[in-house]
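Heads up, the sequence shown is in the numbering used here, so the first residue is 4 and it goes up one at a time.
We treat Cβ as the ideally placed atom computed from N, Cα and C, and that holds for glycine.
In this text the structure is predicted, and so the values were computed from the model without any measurement.
Worksheet for the structure shown next.
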Amino acid sequence: MRGTGPQRYLRAGVRRGGIELRQLLRTKKELSGHLVNIVVAIVLAMTISSSVPGTELPMGHLMMAGFAAYLLFQLGVLNIPQMLVTEREEGVLLRLRATPGGIPAYLVAKALLILGLAVGTLVLLLTAGALLADGPLPATPAQWLTLVWVTAWDCSRSYRSARP
Numbered sequence: 004m005r006g007t008g009p010q011r012y013l014r015a016g017v018r019r020g021g022i023e024l025r026q027l028l029r030t031k032k033e034l035s036g037h038l039v040n041i042v043v044a045i046v047l048a049m050t051i052s053s054s055v056p057g058t059e060l061p062m063g064h065l066m067m068a069g070f071a072a073y074l075l076f077q078l079g080v081l082n083i084p085q086m087l088v089t090e091r092e093e094g095v096l097l098r099l100r101a102t103p104g105g106i107p108a109y110l111v112a113k114a115l116l117i118l119g120l121a122v123g124t125l126v127l128l129l130t131a132g133a134l135l136a137d138g139p140l141p142a143t144p145a146q147w148l149t150l151v152w153v154t155a156w157d158c159s160r161s162y163r164s165a166r167p
């Protein structure tokens with residue numbers, strides 16, 4: 004691998020992150036675990052037609068926002084520790100410590116994996132919600148910017164929790 008220090012770790016991490024994301028997308032069991040949550044959110048948003056008490060806001064819109072937050076929370080707080088425990092039991096982390104630059108590349112890969120999952124989950128949820136449940140999409144550039152920075156903040160928190 005060309006480059007020294009951080010460049011090399013970054014390149015190895017990006018390569019490993021791409022491999023992990025492709026592997027997740029090709030594994031039916033892993034992929035179905037993520038898709039079931041989106042399906043549940045859409046079904047619930049479609050079936051509950053009442054308004055939030057005291058407002059004209061449909062309950063489905065509030066549920067979609069809540070599910071988006073829950074799915075990001077699930078990625079960072081539940082999935083990362085599960086991955087770490089599994090990889091520790093399999094000896095992956097021990098092998099990485101013996102590899103030059105293994106841990107930094109591992110952290111970059113996990114950060115990219117969580118970022119890819121978070122963005123993919125939000126895109127699927129927002130798209131399906133808008134098409135099937137008349138869910139809200141951000142209407143102004145400021146609202147899109149808010150969605151992006153909140154997602155980035157959550158992913159950065161997930162990255163910090165991924166450190167072995």
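Residues bridged to residue i (per DSSP)
| i | result |
| --- | --- |
| Ser35 | DSSP, once it has assigned bridges, lists no residue as partnering Ser35. |
| Ser54 | Pro61 |
Residue environment, residue i, which counts as buried when at least 16 other CB atoms sit within 10 Å
| i | result |
| --- | --- |
| Phe76 | exposed |
| Tyr12 | buried |
| Leu120 | buried |
| Tyr109 | buried |
| Ala145 | exposed |
| Ala155 | exposed |
| Gly57 | exposed |
| Ala165 | Here the model assigns Ala165 a pLDDT of 49, short of 50, so the residue's position is not dependable and the matter cannot be decided. |
| Pro61 | buried |
| Gly16 | buried |
| Ile22 | exposed |
| Gly79 | buried |
Three-way DSSP call (helix, strand, coil) for residue i in this model
| i | result |
| --- | --- |
| Leu141 | Note that residue 141 is Pro in the sequence shown here, rather than Leu. The answer is coil: DSSP assigns Pro141 none of H, G, I, E or B. |
| Thr30 | coil |
| Thr154 | helix |
| Pro103 | coil |
| Glu90 | helix |
| Gly8 | coil |
| Ala71 | helix |
| Ala136 | coil |
| Ala165 | Low confidence applies to Ala165: its pLDDT is 49, below 50, so where it sits in the model is not reliable enough to give any reading. |
Which listed residue (the options) has its alpha carbon closest to that of residue i
| i | options | result |
| --- | --- | --- |
| Gly8 | Gly63, Pro107, Leu118 | Pro107 |
| Gly20 | Val55, Gly79, Lys113 | Lys113 |
| His64 | Leu115, Ala44, Gly79, Leu34 | Ala44 |
| Phe70 | Leu128, Arg100, Gln146, Val153 | Leu128 |
| Leu134 | Leu96, Arg14, Gln85, Val46 | Val46 |
| Trp147 | Ala131, Glu93, Val126 | Val126 |
| Ser53 | Ala136, Leu150, Arg25 | Ala136 |
| Leu74 | Thr50, Val95, Leu99, Gly36 | Gly36 |
Interface flag, residue i vs chain C, CB-CB below 8 Å
| i | result |
| --- | --- |
| Ile106 | Here there is only one protein chain, and chain C is not present. |
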